[in-house]
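A.B. asks: Those letters in the sequence shown? Residues 1 to 153, per the numbering used here, in order. Heads up, the beta-carbon is just placed ideally off N, CA and C, and yes, glycines get one too. As the structure is a computational prediction, the values presented were derived from the model and not from experiment. Take this structure first; my questions come after.
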Amino acid sequence: MSNWVQEKTYAEANIWRDPCQLWSALRRSILEAVATWTTIYSAPGTQELIVSSLTDVAGNSFRLRVISAPLGAARGDSIEVAFDWSRNLIQVTPQPYKKTFHVYIDQADNRVGLKQQDVPSSKDLLIEDACRLILEPLIDSLGHRRPVGIVDP
């Protein structure tokens with residue numbers, strides 16, 4: 001459990017100077033989270049979640065596909081996460097996973113930040129918070145399961 005000093009330090013370490021840096025960090029966080037989930041919850045040698053190669057030449061979008069799931073699990077087959085640099089938006093589609101995040105520029109602190117645009121009361125998000133908001137509904141749709149891999153503390 002962390003205290004407020006650790007949390008403040010962690011938040012300050014997550015200062016990005018431009019929207020593309022923030023997008024790269026979010027994309028990396030999603031890839032790492034999928035790899036961790038696969039290690040812990042997928043049987044050895046299997047992969048239930050696949051992150052496609054980038055779906056555009058500029059590297060501004062990718063698709064996360066579910067390639068298997070328990071019988072009877074209600075789920076969507078994939079989500080697409082795309083960064084629209086002209087509007088500074090990160091969009092997750094389709095329904096029911098649809099979310100929009102706004103990458104805003106804070107001139108006073110010389111940094112960029114991230115808020116969930118479709119939630120009016122959204123506060124500044126850490127990359128890990130946005131990653132969880134994006135992935136958790138899709139992962140939860142796979143149903144509850146016990147860890148089968150090694151869980152590092």
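What does a CB cutoff of less than 7 Å around Gly113 pick up in its chain, not counting 5 residues either side in sequence?
C.D. replies: Tyr104, Asp106, Asp124
A.B. asks: Taking just the CA atoms, how far does Gln6 sit from Arg146?
C.D. replies: 31 Å
A.B. asks: Relative to the C-alpha of Ala82, which residue among Val66, Thr100, Ile67 is closest?
C.D. replies: Thr100
A.B. asks: From what residue to what residue does the beta strand (DSSP E) around Val154 run?
C.D. replies: It is not possible to answer for residue 154, since the shown part of the chain is limited to 1 through 153.
A.B. asks: Pull up the distance between the alpha-carbon of Leu142 and that of Arg87, whole angstroms please.
C.D. replies: 33 Å
A.B. asks: Report yes if the CB atom of Ile50 is closer than 7 Å to the CB atom of Arg65, and no otherwise.
C.D. replies: yes
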